[in-house]
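Counting along the sequence shown from 1, when you hit position 349 you're at 385 in our numbering, and nothing is skipped either side.
The C-beta atom is built at its ideal place from N, Cα and C for all residues, glycine as well.
Just so you know, these numbers come straight off a predicted model, no measurement behind them.
Some notes on the structure that comes next.
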Amino acid sequence: MYQNLPVPLFTTGQARQLDQAVIQNGTPGIKLMKRAGYATFQKILSHWPGLPLTVFCGAGNNGGDGYIVAALAAEGQLPVRVIEMSSPGKLRGDACTAFEYARDAGVTMVPFSDCLDLSAGVIVDALLGTGFSGGVREPYAQAIRLINHSGLPVVSVDVPSGLCANTGAAIGPAVEANLTVTFIALKQGLFTGRGPALCGELVYSDLRVSEQILAAEPHPAYRLELDLLRSTLLAPRRRDAHKGTFGHVLIIGGDRGFGGAVSMAAEAALRVGAGLVSVATRTEHVAALLARRPELMVRAVTSGQQLRPLLDRATVLVVGPGLGRSPWSEQLLQQVLDTALPVVLDADALNILSEARLTSGHLPSNWIITPHPGEAARLLGISVEAVEADRFAAVRALQQTFQCAVVLKGAGSLVCLDPGLPVAVCTGGNPGMASGGMGDVLSGIIGGLIAQRLSADMALPLAVCLHAEAADRAAVEGERGMLATDLLGPLRRLVNP
37 MYQNLPVPLF TTGQARQLDQ AVIQNGTPGI KLMKRAGYAT FQKILSHWPG
87 LPLTVFCGAG NNGGDGYIVA ALAAEGQLPV RVIEMSSPGK LRGDACTAFE
137 YARDAGVTMV PFSDCLDLSA GVIVDALLGT GFSGGVREPY AQAIRLINHS
187 GLPVVSVDVP SGLCANTGAA IGPAVEANLT VTFIALKQGL FTGRGPALCG
237 ELVYSDLRVS EQILAAEPHP AYRLELDLLR STLLAPRRRD AHKGTFGHVL
287 IIGGDRGFGG AVSMAAEAAL RVGAGLVSVA TRTEHVAALL ARRPELMVRA
337 VTSGQQLRPL LDRATVLVVG PGLGRSPWSE QLLQQVLDTA LPVVLDADAL
387 NILSEARLTS GHLPSNWIIT PHPGEAARLL GISVEAVEAD RFAAVRALQQ
437 TFQCAVVLKG AGSLVCLDPG LPVAVCTGGN PGMASGGMGD VLSGIIGGLI
487 AQRLSADMAL PLAVCLHAEA ADRAAVEGER GMLATDLLGP LRRLVNP
């Protein structure tokens, strides 16, 4: 889905600044617009050769790109029409010049109405662009609904209309594109939240902008690349290595009825190479865990006091899978607060933390939290909708509030390690991961990597990418019906590149 894309990601404001920098460097805006139109048109021809085009053009520069696409189609003797969302008299600057180009090429111009015939061909969405934020107003909202209901292939120019390319949120209707052609700067919102679902296949054109101009703009986010992380962080093992070399993970959780969660986390830690993995859980889960995976060391704990001696033997703790929210759960988590070990907090450990039922509400800096949007909302005291309205702001708020490394899970998981560093975006994964236990597997992967002496700033990006890639490999057999345990086989292969 994401091939041959740059690593740095930018805000929409930075994208506009880069456009201006290119223009000030001697490339006229209309020339950039023609390059964008040409890049889009070539992608349309490669995907749907010979089909007629219906181009929806807004009033700004995004509409100008659409007029260029229409002109190129007319010059190539391809049936094409433009649906005008604004009267030509309201167009300004380069968009007006592009309109005149399309008009002179003989493009048919049709004012927008809700009675359009959208029964054949390809639709080009050039409605709103990167300047959009907030809700979509009429008649643009109606146009987006018609596009989505047409059943035709849809190509979005730069950004699917209705998607905030800064945050990845969509308030109200948004174009559901099959293909999005984006330019110059990769916008961070295309890769998280609603972005991946709305963009479809995402392709990039630098419009022949020099690398020096792009490199001069600091990027607030970047795409994670698994192959680079693996080659850097997963060195071959020494021939004289032993189990003590690769650390000891202690998984804490599994209240009554939730033994499967600690089982999945523990096995994930083993599969990514931890030397030893122990589980502290309820008495009734011990036999089942040992029967499923005899390589685990499983201890029954009935109180926080029984947990204390187990903490002394561990390299890293994973707390939360199946932990529950009972007095037993709180006792175990309270004991963990006093440790100096690296700790991965997930699931109900985060919920207990958000309810302020512990004697310390501040986490040590060597701890890691891995909330999904619901848990993030509880930790921040806001709504899930507010988290999803700006995932980048939410993950930074979590990092600043708890002063520790954070993974905000979801489509386009985000990793925030430090307020001074860019946010890392995982662009792997698929909808098959929308099933129980996936987060438990991720927490086990993180713990297993940290046990092998990887710091959080190395382990977190690698773990998130391994988790997503394992799911993508498991999805070869189908996304629907994928289980969290289906990731365990691919994980072992992935950590042995």
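Restricting attention to beta strand (DSSP E) runs no shorter than 3 residues, the stretch 275-315 encloses them at 284-288, ordered along the chain. Of all alpha-carbon atoms in L286, L45, M69, F168, the one lying nearest the alpha-carbon of R349 is that of L286. In the assembly as shown, K223 is a buried residue. Its beta-carbon has 16 or more other beta-carbons within 10 Å. In the three-state reduction of the DSSP assignment, V58 falls in the helix class. Looking from the CA of T90, the closest CA among L163, A304, Q439 belongs to L163.
Taking a C-beta distance under 8 Å as the contact criterion, I80 and V158 qualify as a contact pair. Secondary structure at M121: coil, using DSSP grouped into helix, strand and coil.
For the stretch 201-240, the continuous beta strand (DSSP E) assignments of 3+ residues that do not extend past its boundaries occur at 215-219, in sequence order. Counting other Cβ atoms within 10 Å of its Cβ, G170 stays below 16 and is therefore classed as exposed.
Taking the C-beta atoms as reference points, D426 is found no nearer than 8 Å to G465. A contact between stretches requires three or more CB pairs, one per stretch, nearer than 8 Å, and the stretch 469-483 meets this requirement with the stretch 499-508.
Taken atom to atom, the span from the alpha-carbon of A107 to that of I388 is near 60 Å.
In the three-state reduction of the DSSP assignment, I159 falls in the strand class, which pools E and B. Residue pairing of G171 in beta bridges, as defined by DSSP: I207.
Boundaries of the beta strand (DSSP E) harbouring W403: 403-405, taken from the DSSP string.
Under DSSP, the beta-bridge partners assigned to C93 are E120, A162. By the C-beta density criterion, R528 is exposed, having fewer than 16 other C-beta atoms within 10 angstroms. Annotation: R173 to E136 spans about 26 Å, alpha carbon to alpha carbon. For the stretch 442-525, the full-length alpha helix (DSSP H) segments reaching 4 residues or more read 474-487, 492-510 along the chain.
Cα atoms of V211 and D101: separation of roughly 17 Å, rounded to the nearest angstrom. Per DSSP, reduced to three states, the secondary structure at S192 is strand. Secondary structure of R335 (DSSP, three-state): strand. Inter-residue distance for L234 and L54 is about 24 Å (C-alpha atoms, whole angstroms). Looking at the backbone, the Cα of I66 and that of M469 are separated by about 44 Å. For R259, the enclosing beta strand (DSSP E) has its first and last residue at 257-259. Taken through DSSP and simplified to helix, strand or coil, L353 comes out as strand. V322 sits in a helix when the DSSP states are folded into three classes.
Boundaries of the beta strand (DSSP E) around L381: 379-381. Each of T47, L264, Q248 was checked against the Cα of N61, and the nearest Cα belongs to Q248. For P115, there is no enclosing alpha helix (DSSP H), since its DSSP letter is neither H nor E.
G231 and A487 have their C-alpha atoms roughly 34 Å apart. When the beta-carbon positions are compared, I288 and V355 come within less than 8 Å of each other. Under the DSSP definition of a beta bridge, F46 partners with K223.
A Cβ-Cβ separation of about 12 Å leaves L373 out of contact with L343 under the 8 Å criterion.
Shown here for G112: not one same chain residue has a beta carbon closer than 7 Å to its own, the five before and five after excluded.
Collapsing the DSSP output to three states places V105 in a helix.
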